[in-house]
Amino acid sequence: MFLQQLVNGLTVGSTYSLIAIGYTLIFGVLGIINMAHGQVFIFGSFVGLILVTNFDMPIAVAFLASIVVSGILGLILEFTAMRPLRKKNVPHLASLISTIGFATLLEEGMHKLFGADSRAVPDTFGSQAFQLGSVQIRAVDLIILGIAVVLMVVLHFWINKTKVGKAIRATAENTETASVLGINTNMVIVTTVVLASSLGGIAGMLIGMTYSALIPSMGMTLGFKGLAVLILGGVGSIPGAMICGLILGVIEVFTVAYGASSYRDAVAFGLIILILLIRPQGLFGRKA
């Protein structure tokens, strides 16, 4: 029972980690919370789902479509809601409100295009499962967890070892200094926003596979969970986002498994508040 729920929790938590990494990347470079992140990747995921259900496309094409559409929406967000305000050197609060407006437009657009009701995500892998001792792992859960973990490992390597990744880290540390050193900070910002949105597109499809459904309003709920992971892990900490997403997923699943399903979110967020009271900078954050 314990090991079974642990696997389920890690599966759910891995998707939260990918969402939180998107928030972390953008906050690290721009210093703002992108409140449209959830709506961006749910929109992309819906496009992928439509291709599967209406046009009989394979799930791989749905993932690709979700990545591309989410990335394009991230690009539009940067050029319409972020960059114009950044050029005017306005307070970050204005950019935050601007992303909220973009999120509202996207959610209303989804209601018009896809309807407000949930849409079932086809069970691509059927009821296939693997038995490991007392633990039964569904094939779909193994694939979700595998994709998420591989992405996080690749991203960690890319950020720390590649030229573009190092440019992102330098820009996050100090934009003006990075610019003086010859780094094209505008291109770095665009790359970061598109990367964060595209990762969200993958997370959205994985979440649809986890719950076998997608709902336009999911963007807000999942967005808040991503924010919770961001804060719990330490604002700007990518390893913190990775690990704390898994922690949140495990807490949620165990809460449901032991009979308190209606308090799932309350227990999870309550524990986060408790941790932050003890360690305000988050588990992996640095003191200001």
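Numbering that gives the first Met the number 0 numbers the first residue of the sequence shown as 0 and each following residue consecutively.
Think of the CB as a built atom: it goes at the ideal place given N, C-alpha and C, for glycine as much as any other residue.
Whole angstroms are fine: how far does the CA of F78 sit from the CA of A195?
15 Å
Hey, how far is the Cα of P121 from the Cα of S211?
7 Å
For F253, the nearest candidate out of N159, A267, C243 (CA to CA)
A267
When F40, G244, G164, I96 are compared against I201, the one with the closest alpha-carbon:
F40
By the three-class DSSP mapping on this structure, what secondary structure does R118 have?
strand
From I277 to R285, what does the alpha carbon distance come to, in whole angstroms?
14 Å
From G37, G21, R82, S65, pick the residue whose C-alpha is nearest to that of M204; which is it?
S65
Considering F289, what are the terminal residues of the alpha helix (DSSP H) in which it resides?
Only positions 0 to 287 of the chain appear in the structure, and residue 289 is not among them; the question remains open.
Helix, strand or coil: which one does DSSP assign to R285?
Three-state result, R285: coil.
Of the choices L198, R118, F156, K87, whose alpha-carbon is the least far from that of I25?
L198
Is it the case that the segment 48 to 61 contacts the segment 27 to 38, given that we only count it when at least three CB pairs across the two stretches are under 8 Å?
no
Is DSSP giving R137 helix, strand or coil here?
strand
So, helix, strand or coil for A212, using DSSP?
strand
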